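First residue of the sequence shown? That's 0 in numbering that gives the first Met the number 0, and the numbers climb one at a time after it. Note that CB positions come from ideal geometry on N, CA and C, so glycine has one too. Fair warning: this is a prediction, and the values are worked out from it, not measured in the lab.
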Amino acid sequence: MTPEEVQEGKPASPVGDGGLSAVRLRLDIAYDGTGFAGWARQRDQRTVAGVLEEALSLVLRTPIELTCAGRTDAGVHAAGQVAHMDVPATVVPEDLSRLVRRFARLLPVDVRITDITVAHPAFDARFSAMRRHYQYRVSTAPYGAEPVRARDTLAWPRKLDTERIGAAARHLVGLHDFAAFCRHREGATTVREIQRLDWVKSGDLHVAHVSADAFCWSMVRSLVGALLAVGEGRRDPEWIRFLLSERARASSVTVAPAHGLSLVRVDYPPDDELRARSEATRRVREPVSLADPQIPAEN
């Protein structure tokens, strides 16, 4: 997955239990995505995973490969990214907070490991996740975004009608096929369950809160782009409902810029439910059957 897609990764292995030689560690991570070409390691590109894996491998003196909850695209931020890694038990200090402080000195200022904990052997940052929470920030102030928030807030030049956005957003909550909002990936399902989609206004600041069990490639930014079109009056709220009957990416949906998007939290079940959650996540969802009504024309 890219910004809103669940990461490709290996299933959790039974490490860190029963005196075995490896320990699974959970990392909580935050970063400003402005200077990164996304999460996933890429040749000749500065990425979040690349910077972290290099630092972790250096300090722990063993090759490190991270699996994260959701791979973000270039320019997308995170306050609540989660990753796991498997390391030899011999390199794990008794006081893990010392590692957090050490990485605070070693890592660049735009990425931080905020916590490191020993995880249950069945914990998998990707497959064990119950839901992911994103926020998208938009400013309609005549001067644009506040300078101290310009990196994570989209400056929008037109007013937005939150009632129209709310009416459109209600169509999107629940289990649907979001093919119209997702970039195609061979063999990947576009059926997802959105559990929350609220558009909150405070003065000139608009914040979209989007939560789901998982997201496909480009989905959150496409949802926001469609809602912006509704909010400024170019599209009718019912247009969103008709888009849900599409079975391919809709060219009429504009993808919102990356820098307004942040991954703010990932939820996981209790330890005794981790394995069942991972198994459920791996099941491929069946297509959602819907009628195919005519899509309303642009206003």
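- H119 is the residue among L24, L243, R233, H119 whose C-alpha sits nearest the C-alpha of D271.
- If you check the CB distance, R163 and V229 come in under 8 angstroms.
- Taking a contact to require three or more Cβ pairs closer than 8 angstroms, the segment 70 to 88 and the segment 247 to 265 qualify as touching.
- Here the segment 73 to 90 makes contact with the segment 107 to 126; the two share three or more CB pairs at distances below 8 angstroms.
- Exclusion of the five residues before and after V206 leaves Q134, R136, V199 as the residues of its chain whose Cβ lies within less than 6 angstroms of its Cβ.
- Rounded to the nearest angstrom, the gap between the Cα atoms of S217 and I112 is 25 angstroms.
- The C-beta distance from I63 to L95 rounds to 15 angstroms, too long to meet the 8 angstroms contact threshold.
- Counted as a single uninterrupted DSSP element, the beta strand (DSSP E) harbouring I112 occupies residues 110 to 117.
- In this structure, A225 lies away from A178, with their beta-carbon atoms at least 8 angstroms apart.
- Shown here for L55: same chain residues with a beta carbon closer than 6 angstroms to its own, the five before and five after excluded, namely I63 in chain order.
- Here the alpha carbon of G34 sits roughly 19 angstroms from the alpha carbon of F102.
- Spatial neighbours of V50 in its own chain (CB-CB distance under 8 angstroms, excluding positions within 5 residues in sequence) are listed in chain order as F35, L106, P107, V110.
- Under a 10 Å Cβ-count criterion, Y267 is classified as buried, with 16 or more other Cβ atoms of the shown protein chains found around its own Cβ.
- Of the other Cβ atoms in all chains shown, 16 or more fall within 10 Å of the Cβ of V223; this residue is therefore buried.
- Taken in chain order, the whole alpha helix (DSSP H) runs of length 4 or more contained in the segment 139 to 227 are 161 to 169.
- Per DSSP, the continuous beta strand (DSSP E) segment holding P87 begins and ends at 76 to 87.
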